[in-house]
Amino acid sequence: MEGNSGGGGGGGGSDVELVSKTLQVEHKLFYFDLKENPRGRYLKISEKTSATRSTIIVPSSGISWFLDLFNYYVNSEEHELFSKELQLDSKVFYFDIGDNRRGRFLKVSEASVSRNRSTIIVPAGSSPDEGWAAFRNILAEIHEASGLFAMPNQKPSDAQEHLVGLSDDVGAGFIPGHGNQPVSSSSELTVDRATDLPSQDETGLTGVSKVIRADQKRFSLILGTTTGAISLGYPRWRVLTGHRSFYRYRV
DNA sequence: TCGGCTC
17 MEGNSGGGGG GGGSDVELVS KTLQVEHKLF YFDLKENPRG RYLKISEKTS
67 ATRSTIIVPS SGISWFLDLF NYYVNSEEHE LFSKELQLDS KVFYFDIGDN
117 RRGRFLKVSE ASVSRNRSTI IVPAGSSPDE GWAAFRNILA EIHEASGLFA
167 MPNQKPSDAQ EHLVGLSDDV GAGFIPGHGN QPVSSSSELT VDRATDLPSQ
217 DETGLTGVSK VIRADQKRFS LILGTTTGAI SLGYPRWRVL TGHRSFYRYR
267 V
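Numbering (my numbering), first residue to last: 17 to 267.
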């Protein structure tokens with residue numbers, strides 16, 4: 017790809033590039049680089065224009081989630097597109113729809129404790145072969161290719177299970193198991209349940225609880241224990257508010 | 001070549 021992007025990295029510089037793809041959408045150029053180093057595997061997605069460059073880093077465990085979410089935005093009707101959040105370990109990715117005279121776009125923003133927020137913006141595109149759909153297709157190719165580079169301690173089928181599990185509920189707008197209750201009532205149910213739990217201050221279990229602010233409400237999620245189930249990528253919480261879905265899980 | 005961007 018462009019020039020020598022790793023030249024100023026210093027130190028290791030041992031990252032191996034497994035897959036590299038580019039996608040042009042309107043006047044933007046997106047670079048997809050699946051890389052691996054001793055700490056693990058990740059997907060670097062860069063948006064490049066003549067004036068700016070922006071990069072997000074997706075842990076390998078998040079690639080199938082990105083694929084699912086882009087499928088959701090590609091396949092959903094315009095009036096049922098909601099913002100989404102995806103938490104992967106210590107990172108949070110925000111997916112937000114925007115609209116202006118240039119057209120519709122999807123803003124994907126990465127926030128983590130150690131770095132400044134970085135954002136890429138993907139135009140929806142004017143035909144089914146460009147924009148979000150093309151972006152989705154690249155993600156699918158990389159996801160598939162990633163399975164061919166299976167790591168010794170990772171079964172390729174794990175990612176497939178994530179894909180199936182999320183596909184059913186990603187666009188439903190309801191909490192599974194609560195039938196056809198509207199989103200608002202499900203949210204209140206979740207709040208009530210959360211307020212019954214001990215607060216983080218009371219337990220002192222720093223690092224195993226999350227506090228989420230959403231609109232005027234505040235949600236507290238307590239992760240009770242650390243068992244083998246968590247290392248498998250579960251449990252996953254889903255908290256719905258009126259217009260936003262949260263997906264969280266730890267690896 | 002645009003141009004978007006609370007967390």
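Ideal placement from N, C-alpha and C gives every residue a C-beta, glycine not left out. All values reported here derive from a predicted model rather than from experimental measurement.
**Report entry** Supposed close pair Ser128, Ser106 - CB separation, criterion 8 Å
**Finding:** 6 Å
Query raised in the report: What did DSSP end up calling Phe82 once you bin it into helix, strand or coil?
Result: helix
Requested in this report: Give the DSSP bridge partners of Leu344, in chain order.
Outcome: Shown here, the chain extends from 17 to 267; a query on residue 344 therefore has no answer.
Report task. List the residues that DSSP assigns as beta-bridge partners of Glu126. Result -> Phe109, Ser134
Requested in this report: Can you give me the Cβ contacts of Arg120 inside the same chain, cut-off strictly under 6 Å, excluding the 5 residues immediately before and after it?
Outcome: Ala140
Query raised in the report: Does DSSP put Phe151 in a helix, in a strand, or in coil?
Result: helix
**Report entry** Glu101 (DSSP reduced to helix, strand or coil)
**Finding:** strand
Query raised in the report: So what does DSSP say about Glu93, is it helix, strand or coil?
Result: coil
Query raised in the report: In this structure, does DSSP put Ser143 in helix, strand or coil?
Result: coil
Requested in this report: Could you tell me the distance, in whole angstroms, from the CA atom of Val32 to the CA atom of Lys64?
Outcome: 22 Å
Report task. Taking only the alpha-carbon atoms, compute the straight-line gap between His95 and Gly114 and give it to the nearest angstrom. Result -> 13 Å
Requested in this report: Enumerate in chain order the residues of its own chain whose CB-to-CB distance from Glu146 is below 7 Å, with the five nearest sequence positions on each side excluded.
Outcome: Val41
Requested in this report: With a threshold of 7 Å, establish whether the CB of Leu34 neighbours any heavy atom of the ligand FAD.
Outcome: With respect to the ligand FAD, the structure offers nothing, as it holds no ligand at all.
Query raised in the report: What distance in whole Å lies between the Cβ atoms of Ser36 and Ser162, which are believed to be in contact at a cut-off of 8 Å?
Result: Ser162 to Ser36, Cβ: 13 Å. No contact.
Query raised in the report: According to DSSP, which residues form a beta bridge with Asn87?
Result: Looking at the DSSP assignment, Asn87 forms no beta bridge with any residue, so it has no partner.
Query raised in the report: How big is the Cα-Cα spacing for Ile89 and Arg57?
Result: Looking at the sequence itself, residue 89 is Tyr, so the reference to Ile does not match. So the alpha carbons of these two residues sit roughly 25 Å apart.
**Report entry** Beta-bridge pairing of Thr38 - partner residues as DSSP gives them
**Finding:** Tyr47
Query raised in the report: Which whole-angstrom value is the C-beta distance of Ile158 and Leu59, which I expect to be below 8 Å?
Result: 6 Å
Query raised in the report: Are the beta-carbon atoms belonging to Ser62 and Phe46 less than 8 Å from one another?
Result: yes
Report task. Can you tell me the Cβ-Cβ gap for Phe109 and Leu122, rounded? I've got them flagged as a contact below 8 Å. Result -> Contact doesn't hold; Cβ gap of about 11 Å is too wide.
Query raised in the report: Exposed or buried, Asn87, counting other C-beta atoms within 10 Å across all chains shown (16 or more means buried)?
Result: buried
Query raised in the report: Looking only at its own chain, which residues have a Cβ that is under 8 Å from the Cβ of Phe151, when we skip the five neighbours before and after it?
Result: Leu39, Val41, Phe46, Phe86, Val138
Query - Sequence-distant residues of the same chain with beta carbon closer than 7 Å to Phe165, five excluded per side - result: Leu34
Report task. Would you mind working out which of Val124, Arg118, Asp49 sits nearest Leu142, comparing C-alpha positions? Result -> Strictly speaking, residue 142 in this sequence is Ser, with Leu absent from that position. Measuring from the Cα of Ser142, the nearest candidate turns out to be Arg118.
Report task. Report the residue from Ala149, Gly78, Pro144 whose alpha carbon sits nearest the alpha carbon of Gln103. Result -> Gly78
Requested in this report: Give the straight-line distance between the Cα atoms of Val74 and Trp148, rounded to the nearest whole angstrom.
Outcome: 17 Å
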